[in-house]
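> Next up is a structure, given as structure tokens.
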């Protein structure tokens with residue numbers, strides 16, 4: 004079973020992905036180039052976190 008730290012990392016990564024999508028679709032940031040940089044940073048950070056958490060093997064102890 005995953006530890007609390009690993010679950011927290013997954014939740015933070017998903018929140019980063021959602022925040023990136025919301026920023027991409029909203030008009031909070033008026034400068035298009037600045038919006039592109041911020042959205043790409045959020046999406047890349049979120050995807051990296053999700054992929055990192057999915058790639059770690061679970062510690063299974065077989066009898």
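In the numbering used here, the protein residues as written are 4 to 66.
The beta carbon of each residue, even a glycine, is placed where N, CA and C say it ideally should be.
1. Report the rounded CA-to-CA distance for residue 56 versus residue 12, giving the unit in angstroms.
2. Just to confirm, is the Cβ distance from residue 20 to residue 46 under 8 Å?
3. If you draw a straight line from the C-alpha of residue 17 to the C-alpha of residue 7, how long is it?
4. What residue range is occupied by the uninterrupted alpha helix (DSSP H) comprising residue 41?
Looking at the atomic coordinates:
1. 7 Å
2. yes
3. 15 Å
4. 35 to 58
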